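There are 2 protein chains.
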Amino acid sequence: MARKVGSVGSVTAEAILTEGCKLFARFGYAAVSMRQIAAAVGVQASAIYQHYPNKQEILVAILNAHMDALLKAWDDEVCDEDAAAALERFVRFHIRYHISRPDEVFLSYMELRSLEDQGFRIIERKRHTYESVAKTILRHGTEDGTFSVSDPHVAAMAILAMLTGVNTWYRSDGRLSQQKIEELYIGMVMGSVGLTAAPKE
Amino acid sequence: MARKVGSVGSVTAEAILTEGCKLFARFGYAAVSMRQIAAAVGVQASAIYQHYPNKQEILVAILNAHMDALLKAWDDEVCDEDAAAALERFVRFHIRYHISRPDEVFLSYMELRSLEDQGFRIIERKRHTYESVAKTILRHGTEDGTFSVSDPHVAAMAILAMLTGVNTWYRSDGRLSQQKIEELYIGMVMGSVGLTAAPKE
DNA sequence: GTCTATAAGCCGATAGAC
DNA sequence: GTCTATCGGCTTATAGAC
Numbered sequence: 001m002a003r004k005v006g007s008v009g010s011v012t013a014e015a016i017l018t019e020g021c022k023l024f025a026r027f028g029y030a031a032v033s034m035r036q037i038a039a040a041v042g043v044q045a046s047a048i049y050q051h052y053p054n055k056q057e058i059l060v061a062i063l064n065a066h067m068d069a070l071l072k073a074w075d076d077e078v079c080d081e082d083a084a085a086a087l088e089r090f091v092r093f094h095i096r097y098h099i100s101r102p103d104e105v106f107l108s109y110m111e112l113r114s115l116e117d118q119g120f121r122i123i124e125r126k127r128h129t130y131e132s133v134a135k136t137i138l139r140h141g142t143e144d145g146t147f148s149v150s151d152p153h154v155a156a157m158a159i160l161a162m163l164t165g166v167n168t169w170y171r172s173d174g175r176l177s178q179q180k181i182e183e184l185y186i187g188m189v190m191g192s193v194g195l196t197a198a199p200k201e
Numbered sequence: 001m002a003r004k005v006g007s008v009g010s011v012t013a014e015a016i017l018t019e020g021c022k023l024f025a026r027f028g029y030a031a032v033s034m035r036q037i038a039a040a041v042g043v044q045a046s047a048i049y050q051h052y053p054n055k056q057e058i059l060v061a062i063l064n065a066h067m068d069a070l071l072k073a074w075d076d077e078v079c080d081e082d083a084a085a086a087l088e089r090f091v092r093f094h095i096r097y098h099i100s101r102p103d104e105v106f107l108s109y110m111e112l113r114s115l116e117d118q119g120f121r122i123i124e125r126k127r128h129t130y131e132s133v134a135k136t137i138l139r140h141g142t143e144d145g146t147f148s149v150s151d152p153h154v155a156a157m158a159i160l161a162m163l164t165g166v167n168t169w170y171r172s173d174g175r176l177s178q179q180k181i182e183e184l185y186i187g188m189v190m191g192s193v194g195l196t197a198a199p200k201e
C-alpha cells in the first residue's frame, strides 16, 4: 500500500477529495476519521496534512469544487430563449446534474452545519447564486406573462426542493429512465407555474 | 446541577430525547457526545444509561416518537372528502406539522444513515407509510379524473420533497405568514397535478 | 511526499458508592 | 436514579526520519 517512491502529490490531493466525499456522504462528516480517508486513498493519515491543513478544509474543498462545477456547468448550458424554454432547460439540467453526483449533492445539503464560519459563508453564497438562477427565470417569466406565479422566490425554492428530491429515490437500475423522469418533472413544474401544456410534443 | 434527591426518572428520560434531538439536529449524531447530552439535561453522562442502553437507542427513540406522532396527527385529521379537498388538507397539514418540528424533521431526513439495521428498518417503514398517504390521495384523484398525473408515485415524492423543503428557508419572523405559505404551496401543488384553479376563493 | 511514532485529549460504556 | 471514578480505545494533529 505504500507509495513512498514515485508518488505524485496532486494525485493524492485529488484522491483525498474523491474518497472523502464518498465517506462523508455515507457516514457523515463527524463520523469519518482522517485514518479512514487515508486508508481509502492508500496512505497514512499524516500524509493528508501535506495537502490539507485539517479535516475541515477537506470538506470545504469538496463543497467548493462541487458548487463551482455546478455553476460552471450551468453557464456552459444557458442560452437566450423564452421563459418556458429556459425553465424546461433548467429542470432537465438540474435533474441530470444532481443525479450524476449524488454524494456531492447530499453533502452540500447535509453538512453545511459542519462548516465553520468562513467556509460556511463561501459555500452559502455559491448556493445562493445557484438559487438565483431559478428565481430569475421565474421572475422574468412572470413579468412577461408566461407564468402565473404569486411569489417567484417561494416558487423557486419549491421547485428546487422538488427537483433535488429526485436524489432520495432515484436508482439507475430503477423503473424509470432518466429521460422519463425529466419529462414527468417538467410536466409538474410547468403545471406549478400555471402552464397546462408542455412546450413540446 | 445534581438532582440526586427528588429526581424523577421519566422526566429525565423525556429530557434526554428533547435535548438529544436539538443537539443531533444542530451538530449531527456522530458529533454529539453522551457528555454533551447529559450536560444539556443536567445530569452526568452515566445517568443516561439508566434510561437508554446506548447512544444509538436515543436516536431510534427520537425518530420513532417523531414518526408515530406524525402518523397519529394525520389520522386525527383525515376525513372523507373528494380528492382535491384531501390534497389541500394534506398540503396544509404537512407544512404546518413540519414547520412546527424542524429539528425532528431534519434529523429524520439526515440521520437515517446513522441508524443500524433494525432501527433503520423500523423508521424506514414508518416513513414509507407516511409517503403512502400522499400517494393514495394522488392515485384516487387520478383514477376518478380529478387530477392529471402520469405517475402517482413520482408525483407523491415530488410533492413531498417540495413541501418538506419549506423547512430549509422558513423563519417564523420572516416575510410570509404560515397561512400565506400554505396558500402559495397549495397553488403550486394543485397546478402540478393539473388543476388550474384553487378549490376555494 | 510519505512514513513511523507519539502527544494530548475526548469517546462510549461500566463498576460500585450512596 | 444519580453520582464519581475509571477502562480501553480512538481521535486530530505534530515531529522528525527517509
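Those sequence lines, one after another, are chains Y and D.
Going by full-length UniProt numbering, 37 is the number at position 37 of the first sequence; the sequence numbering is gapless.
Going by full-length UniProt numbering, 13 is the number at position 13 of the second sequence; the sequence numbering is gapless.
Virtual Cβ for every residue (Gly too), placed ideally from N, Cα, C.
Source: prediction; values computed, not measured.
Task: Burial state of Tyr49 (chain Y) (16 or more Cβ within 10 Å) - done: Reading the first sequence from its first residue, position 49 is the one you call residue 49 (chain Y). Counting Cβ neighbours within 10 Å, Tyr49 (chain Y) comes out exposed, since fewer than 16 surround it.
Open item on the list: Restricting to Cα atoms, I'd like to know which of D:Ala31, D:Val41 and D:Cys21 is closest to Val11 (chain D).
Closed with: For this step, residue 11 (chain D) is matched to residue 11 along the second sequence. The shortest Cα separation from Val11 (chain D) among D:Ala31, D:Val41 and D:Cys21 belongs to D:Val41.
Task: Nearest-angstrom Cα separation, counted from Gly20 (chain Y) out to Leu112 (chain D) - done: Here the question's residue 112 (chain D) lines up with position 112 in the second sequence. Here the question's residue 20 (chain Y) lines up with position 20 in the first sequence. So the alpha carbons of these two residues sit roughly 20 Å apart.
Open item on the list: Distance cutoff 8 Å, beta carbons only. Does Asp151 (chain Y) sit that close to anything in chain D?
Closed with: What you label residue 151 (chain Y) is simply residue 151 of the first sequence in a count that begins at 1. With 8 Å as the cut-off, Asp151 (chain Y) counts as an interface residue toward chain D.
Open item on the list: Please list, in chain order, the residues of the stretch 153 to 175 of chain D that have any C-beta partner in chain Y closer than 9 Å.
Closed with: His153, Val154, Ala155, Met157, Ala158, Ile159, Leu160, Ala161, Met162, Leu163, Thr164, Gly165, Val166, Thr168, Trp169 and Arg175
- [ ] Taking 8 Å as the threshold, find out whether the stretch 160 to 178 of chain D comes into contact with the stretch 92 to 99 of chain D through three or more Cβ pairs.
- [x] yes
TODO: Could you tell me whether any Cβ in chain Y is nearer than 8 Å to the Cβ of Ile186 (chain D)?
DONE: On the second sequence, position 186 is the one that residue 186 (chain D) refers to. Not closer than 8 Å to any Cβ of chain Y, the Cβ of Ile186 (chain D) fails to qualify, so no.
Task: Beta-carbon spacing of Phe90 (chain Y), Asn167 (chain Y) below 8 Å - done: As a working note, residue 90 (chain Y) is residue 90 in the first sequence. As a working note, residue 167 (chain Y) is residue 167 in the first sequence. No, the pair does not count as a contact, with Cβ atoms beyond the cut-off.
Task: Neighbourhood of Leu63 (chain Y) by C-beta, 6 Å cutoff - its chain only, sequence neighbours within 5 removed - done: Along the first sequence, one-based indexing puts residue 63 (chain Y) at 63. Excluding sequence neighbours, Leu63 (chain Y) sits near Ser108 and Ile123.
TODO: Under 7 Å Cβ to Cβ from Leu70 (chain D), same chain only, skipping five residues before and after it: list those, please.
DONE: Within the second sequence, the letter at position 70 stands for residue 70 (chain D). Only Tyr97 and Tyr130 meet the Cβ criterion.
TODO: Please say whether Met157 (chain D) and Trp169 (chain Y) have beta carbons closer to each other than 8 Å?
DONE: Indexing the first sequence from 1 puts residue 169 (chain Y) at position 169. Indexing the second sequence from 1 puts residue 157 (chain D) at position 157. Contact flag set, yes.
Task: Selection from D:Gly28, D:Ala39, D:Ala47 and D:Phe24 that minimises the alpha carbon distance to Val8 (chain D) - done: Translated into the one-based positions of the second sequence, residue 8 (chain D) becomes position 8. The option with the nearest alpha carbon to Val8 (chain D) is D:Ala47.
Task: chain D contacts from the stretch 121 to 150 of chain Y (Cβ-Cβ distance under 9 Å) - done: Ser148, Val149 and Ser150
Open item on the list: If you reduce the DSSP assignment to three classes, tell me which class Phe93 (chain Y) lands in.
Closed with: What you label residue 93 (chain Y) is simply residue 93 of the first sequence in a count that begins at 1. In the structure shown, Phe93 (chain Y) sits in a helix (DSSP, three-state: H, G or I).
- [ ] Report the option in D:Ser148, D:Thr18, D:Glu81 and D:Ala86 whose CA atom is closest to the CA atom of Ala134 (chain D).
- [x] Taking the second sequence and counting its residues from 1, the one referred to as residue 134 (chain D) is at position 134. Nearest of D:Ser148, D:Thr18, D:Glu81 and D:Ala86 to Ala134 (chain D), Cα basis: D:Ala86.
Open item on the list: Does any residue of chain Y have a CB that is nearer than 8 Å to the CB of Val193 (chain D)?
Closed with: On the second sequence, residue 193 (chain D) is found 193 positions in, with the first residue counted as 1. Chain Y contact via Cβ: present.
TODO: Express the C-alpha separation of Asp76 (chain Y) and Gly187 (chain D) in angstroms, rounding to a whole number.
DONE: To locate residue 187 (chain D), count along the second sequence from 1; it is residue 187. To locate residue 76 (chain Y), count along the first sequence from 1; it is residue 76. Rounded to the nearest angstrom, the two C-alpha atoms are 33 Å apart.
Task: Backbone CA spacing between Met1 (chain D) and Val43 (chain D) [nearest angstrom] - done: Here residue 1 (chain D) refers to the residue found at position 1 of the second sequence. Here residue 43 (chain D) refers to the residue found at position 43 of the second sequence. Unreliable positioning characterises Met1 (chain D) in this predicted model, as indicated by a pLDDT of 43, which lies under 50. The coordinate reading is nonetheless provided below. Computed Cα separation, rounded: 7 Å.
Task: Residue nearest to Lys55 (chain D) in terms of C-alpha spacing, selected from D:Ser114, D:Ala84 and D:Ile159 - done: Along the second sequence, read from residue 1 onward, the residue named residue 55 (chain D) stands at position 55. Comparing Cα-Cα distances from Lys55 (chain D) to each of D:Ser114, D:Ala84 and D:Ile159, the minimum goes to D:Ser114.
Open item on the list: Please confirm whether Pro199 (chain D) has its beta-carbon closer than 8 Å to some beta-carbon of chain Y.
Closed with: Position 199 of the second sequence, counted from the first residue, corresponds to residue 199 (chain D). Residue placement at Pro199 (chain D) is poorly supported in this model, since its pLDDT is 44, which falls under 50; the coordinates are not used for a value here.
Task: Minimum Cβ-Cβ distance from Phe24 (chain D) to chain Y less than 8 Å - done: Within the second sequence, the letter at position 24 stands for residue 24 (chain D). For Phe24 (chain D), the answer is no, since every Cβ of chain Y falls outside 8 Å of its Cβ.
Task: Contacts that Phe27 (chain D) makes with chain Y (C-beta to C-beta distance below 9 Å) - done: Here residue 27 (chain D) refers to the residue found at position 27 of the second sequence. Here the neighbours are Ala30, Arg113 and Ser114.
TODO: Please name the residue in Y:Arg121, Y:Ala39, Y:Ala30 and Y:Phe27 whose C-alpha comes closest to that of Ala15 (chain Y).
DONE: Start at 1 with the first residue of the first sequence, and residue 15 (chain Y) comes out as number 15. If we check each option's Cα against that of Ala15 (chain Y), Y:Ala39 comes out closest.
Task: Three-state secondary structure (DSSP) of Met1 (chain D) - done: The residue labelled residue 1 (chain D) in the question sits at position 1 within the second sequence. Note that Met1 (chain D) scores 43 on pLDDT, short of 50, meaning its location in the model is unreliable and no value can be drawn from it.
Task: Status (buried if at least 16 other CB within 10 Å, exposed otherwise) for Val189 (chain Y) - done: Counting from one through the first sequence, the residue named residue 189 (chain Y) turns up at place 189. Its Cβ being crowded by 16 or more others within 10 Å, Val189 (chain Y) is buried.
Open item on the list: Output needed for Val60 (chain D): all residues of its chain with C-beta closer than 8 Å, excluding positions within five of it in sequence on either side, in chain order.
Closed with: One-based indexing of the second sequence puts residue 60 (chain D) at position 60. Closer than 8 Å at the Cβ level, and outside the excluded window around Val60 (chain D), lie Leu115, Gly119, Ile122 and Ile123.
Task: Collapsed DSSP secondary structure at Phe147 (chain Y) in the structure displayed - done: To locate residue 147 (chain Y), count along the first sequence from 1; it is residue 147. Looking at Phe147 (chain Y) - three-state DSSP - the assignment turns out to be coil, as it is neither helix nor strand.
Open item on the list: Looking only at its chain, what residues have a beta carbon closer than 8 Å to the beta carbon of Leu163 (chain Y), apart from the 5 residues adjacent to it on each side?
Closed with: Indexing the first sequence from 1 puts residue 163 (chain Y) at position 163. Excluding positions up to five away in sequence, the list reads Val91, His94, Ile95, His98, Tyr185 and Val189.
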